[in-house]
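Residues 239 to 857 (the numbering used here) are what the sequence shown spells out, left to right. A virtual CB, placed ideally from N, CA and C, is assigned to each residue, including glycine.
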Amino acid sequence: KKDDPNARGFGSRAVRRDGEQLTTWSYFRRILELTLDFKMTSASALVCLVATQSMQIWSPSVQGSIFDSIVKYMAHPERGNDAFERAMLVYLLVNALQGLFGGLKALAQDLVLRQLACSVRLKLFQSVVRMDISFFDTMHTGQLTSRLTNDASQMVQPLNTLMNDLIANIMLLVGGMCMAFYTSWKLSILALTVVPPITYIYRRYAEWGRKVNRSIYCAYGEANSTATEAIHNIRTVRGFSTEQFEAEKYGESISTALVHGVRNAYVGASVTAFSTYLNLGTAVVILWYGGSLVCSSMGKTMSIGSLITFQLYWNMMNNAFISLGNVFNDLIRSSSAAERVISLIDARPEVDPDEGEQLQRQDVQGHLRLQKVEFRYKTRPENLVLKGIDMDMAPGTTTALVGKSGGGKSTLVHLLMRFYEPTEGRISLDGKDMRSLSSRCVRSFCGFVAQDTQLFAKSIESNLAYGLNRDYSHEEVVAACRAANAHDFILETEEGYETRVGERGMLLSGGQRQRLAIARCFLRRPRLLFLDEATSALDSENESLVQEALDKLIAETGCTVVLIAHRLSTVINANQIAVVHKGAIFERGTHDELVTKGGVYAQLVQRQMSRDASTVMGD
Ligand code: ADP
Numbered sequence: 239k240k241d242d243p244n245a246r247g248f249g250s251r252a253v254r255r256d257g258e259q260l261t262t263w264s265y266f267r268r269i270l271e272l273t274l275d276f277k278m279t280s281a282s283a284l285v286c287l288v289a290t291q292s293m294q295i296w297s298p299s300v301q302g303s304i305f306d307s308i309v310k311y312m313a314h315p316e317r318g319n320d321a322f323e324r325a326m327l328v329y330l331l332v333n334a335l336q337g338l339f340g341g342l343k344a345l346a347q348d349l350v351l352r353q354l355a356c357s358v359r360l361k362l363f364q365s366v367v368r369m370d371i372s373f374f375d376t377m378h379t380g381q382l383t384s385r386l387t388n389d390a391s392q393m394v395q396p397l398n399t400l401m402n403d404l405i406a407n408i409m410l411l412v413g414g415m416c417m418a419f420y421t422s423w424k425l426s427i428l429a430l431t432v433v434p435p436i437t438y439i440y441r442r443y444a445e446w447g448r449k450v451n452r453s454i455y456c457a458y459g460e461a462n463s464t465a466t467e468a469i470h471n472i473r474t475v476r477g478f479s480t481e482q483f484e485a486e487k488y489g490e491s492i493s494t495a496l497v498h499g500v501r502n503a504y505v506g507a508s509v510t511a512f513s514t515y516l517n518l519g520t521a522v523v524i525l526w527y528g529g530s531l532v533c534s535s536m537g538k539t540m541s542i543g544s545l546i547t548f549q550l551y552w553n554m555m556n557n558a559f560i561s562l563g564n565v566f567n568d569l570i571r572s573s574s575a576a577e578r579v580i581s582l583i584d585a586r587p588e589v590d591p592d593e594g595e596q597l598q599r600q601d602v603q604g605h606l607r608l609q610k611v612e613f614r615y616k617t618r619p620e621n622l623v624l625k626g627i628d629m630d631m632a633p634g635t636t637t638a639l640v641g642k643s644g645g646g647k648s649t650l651v652h653l654l655m656r657f658y659e660p661t662e663g664r665i666s667l668d669g670k671d672m673r674s675l676s677s678r679c680v681r682s683f684c685g686f687v688a689q690d691t692q693l694f695a696k697s698i699e700s701n702l703a704y705g706l707n708r709d710y711s712h713e714e715v716v717a718a719c720r721a722a723n724a725h726d727f728i729l730e731t732e733e734g735y736e737t738r739v740g741e742r743g744m745l746l747s748g749g750q751r752q753r754l755a756i757a758r759c760f761l762r763r764p765r766l767l768f769l770d771e772a773t774s775a776l777d778s779e780n781e782s783l784v785q786e787a788l789d790k791l792i793a794e795t796g797c798t799v800v801l802i803a804h805r806l807s808t809v810i811n812a813n814q815i816a817v818v819h820k821g822a823i824f825e826r827g828t829h830d831e832l833v834t835k836g837g838v839y840a841q842l843v844q845r846q847m848s849r850d851a852s853t854v855m856g857d
């Protein structure tokens, strides 16, 4: 289980929130439900399919009557060949209709599949981006993107197979069998003796194939994760010279997939060979017994035309049966992809962002309170990251969190932003339990500047307006950038506000990205502002520009600020400082109070002052 990447997130046999265990057939039902969005096209495809197959089933009996009319004409040429001409006319009509309905069916099916593929991708993406942040801790980006691309295109295949092959072949099989019995029940019973052994073999193969295919997909999922991770972290890979290690890891997953694939190919070929021999043997027996029936009765018990008709129906049933075997293979192959996609589409976040009370901006004071808050990450439940945190952050005040790395400061900020929900205890905003409020609404009042700002590969202006959800003017954006000390550097770029920032904002420096993040906050006018080491990765010039912008933002919006900082200069003016250590608040107070107390904070200050002094002396 440990090696199965699906075991960590949504298993191949996911259990939905309503507790229903999903089987292959319920996945098909879900795919069919999805096609209900395009009822007209789906119904047209089905009608044309039934019409095409009916013509195909009719055809052998018409062909048999053509042969019988030829034989009759040869025996009695004086009676003329009207019967032959009539039969030929019917044959022509059957073929013409088969072609027409076949074309219409292909068109309607293509339309359904294309519409379904788009709708599945959209639903999948909507579902993924709504998931709780903890979901992304457990899933690799590679796995998710693979689901959006490969799996999403694979999963519409069952429908294709269902319409083109399953329904079509079941109709041929059942229709062919009825017509074969109608033509000769003796030959039919003889021919059907091969069905049980072939069915048994196909069933066993299908069960086995399902398992193998799941292993192949898992192996490809692993390979994809390795590749995505290595490419994202290419600088680290290069820096540590682990190219060979990463390539080997990738190669291992790929070769696991290949080994399973090769095994599948061998078994598949053996099954095909065995069933082909059984069929060929049956064909010989049919001709031998049928031929002797025609000869012994001089065509009275069975005519030549009936024998030919029977042969054609037998071939029809046979081909339909073999195709159905392949259909089950295809269904099984694509159903693994469908399982993964549907389990993700059906997955619901634990906290629905829209559920809960919606607050109005003007009513939000920004009073944050934590009461006995405990927290564990789902990925590491044994690690109690926050232990009984009690804190009060009055509206418009600044709280600084300091302490050693790994103490739980970022986690605390993430809880306040509702990326995660506390395992125990309560966080309230203006006296209301956060859980009772819509998390989307709470986040719309939050501003966030992290150590490294994430941007999209779009223009500067689009990045600034990202998620703004209201009309804005260019002047407003410019004013925000001026306030955030970003306007000047933006004008220096080639296309100003239209400059594209590259993937994840890579074309900008760290300081520039931070100032854009602050400009975003100016546009959003947050009531709660969270700063996670917003200036710590910057050089001193950039740091002072960013700090100045932040001070302006806090003064203008009067928001409640929670900041994490290592530098003394950033925390010194905070209304309260909390030293977070091993998930608990070790000390709290103002800078002066804590320095006077002479505890951990005082030591931190002491250490930083001596470090700064040594830097100055070093200069
Ligand atoms: P700080 O911000 O003080 O450096 P963090 O809040 O980042 O501390 O981390 C606190 C603890 O939580 C650490 O032990 C860290 O390993 C763990 N942790 C942080 N993020 C996650 C995560 N997404 N999943 C599991 N554990 C995490």
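Contact under 9 Å by Cβ, residue i with residue j
| i | j | result |
| --- | --- | --- |
| proline 298 | tyrosine 551 | yes |
| valine 817 | glycine 837 | yes |
| glutamine 347 | alanine 283 | yes |
| leucine 791 | threonine 636 | no |
| aspartate 671 | arginine 681 | no |
| alanine 724 | arginine 753 | yes |
| serine 544 | serine 422 | yes |
| isoleucine 405 | leucine 287 | yes |
| glutamine 596 | cysteine 679 | yes |
| leucine 216 | phenylalanine 613 | The question about residue 216 has no answer, for the chain in this structure spans 239 to 857. |
| alanine 390 | arginine 368 | no |
| glutamine 381 | serine 491 | no |
| isoleucine 756 | leucine 806 | no |
| glutamate 831 | alanine 803 | no |
Under the three-state DSSP convention, the category residue i falls into
| i | result |
| --- | --- |
| histidine 314 | coil |
| glutamate 456 | The sequence shown places cysteine at residue 456, rather than the glutamate named in the question. Helix at cysteine 456. |
| glutamate 736 | helix |
| glutamate 486 | helix |
| glycine 748 | helix |
| threonine 637 | strand |
| valine 843 | helix |
| alanine 703 | coil |
| threonine 731 | coil |
| methionine 393 | helix |
| methionine 629 | strand |
| isoleucine 810 | coil |
| serine 643 | coil |
| glycine 669 | coil |
| glutamine 609 | strand |
| valine 589 | coil |
Closer than 9 Å to chain C by CB, residue i
| i | result |
| --- | --- |
| leucine 729 | In the structure shown, chain C cannot be found, because there is only a single protein chain. |
Close Cβ partners of residue i (< 8 Å) along its chain, the five nearest in sequence each way excluded
| i | result |
| --- | --- |
| tyrosine 710 | Ala703 and Leu761 |
| phenylalanine 727 | Gln750 and Arg753 |
From the options, residue whose alpha carbon lies closest to that of residue i
| i | options | result |
| --- | --- | --- |
| alanine 521 | Leu428, Arg578, Met536 and His470 | Leu428 |
| valine 366 | Met415, Arg442, Asp590 and Ser534 | Asp590 |
| aspartate 403 | Leu569, Arg599 and Leu608 | Leu569 |
| asparagine 557 | Val412, Arg352, Val350 and Glu771 | Val412 |
| phenylalanine 824 | Val602, Leu624, Tyr443 and Phe727 | Leu624 |
| tryptophan 446 | Ala418, Phe566, Leu525 and Leu345 | Phe566 |
| tyrosine 504 | Val450, Gly337 and Ser535 | Val450 |
| arginine 751 | Gly302, Leu767, Leu360 and Glu699 | Glu699 |
| glycine 634 | Val799, Leu335 and Lys310 | Val799 |
| phenylalanine 339 | Arg763, Arg476, Val285 and Leu842 | Val285 |
| methionine 409 | Phe559, Arg385, Gln600 and Glu588 | Phe559 |
| methionine 655 | Asp630, Phe686, Asp668 and Gly644 | Phe686 |
| glycine 489 | Val509, Asn471, Tyr515 and Ala461 | Ala461 |
| glutamate 588 | Ser677, Gly506 and Leu354 | Ser677 |
| glutamate 486 | Arg473, Ala468 and Val500 | Ala468 |
| arginine 191 | Gly477, Arg476, Lys310 and Ser573 | What is shown of the chain runs 239 to 857, which leaves residue 191 out entirely. |
| tyrosine 458 | Leu400, His498 and Ala334 | His498 |
Sequence-distant residues of its chain with Cβ nearer than 7 Å to residue i (five each side left out)
| i | result |
| --- | --- |
| alanine 576 | Tyr265, Ile269, Met393 and Pro396 |
| glutamine 609 | Asp628, Gly663 and Arg664 |
| valine 332 | Met293, Trp296, Ser297 and Val300 |
| arginine 763 | Thr795 |
| leucine 745 | Val739 |
Integer Cβ distance of residue i from residue j, believed to fall under 8 Å
| i | j | result |
| --- | --- | --- |
| alanine 638 | alanine 812 | 4 Å |
| glycine 641 | histidine 819 | 5 Å |
Cutoff 6 Å; reference residue i; Cβ partners in own chain excluding five residues on either side
| i | result |
| --- | --- |
| alanine 619 | In the sequence on display, residue 619 carries proline and not alanine. Excluding residues within five positions, none has a Cβ falling inside 6 Å. |
| serine 280 | Thr273 and Val350 |
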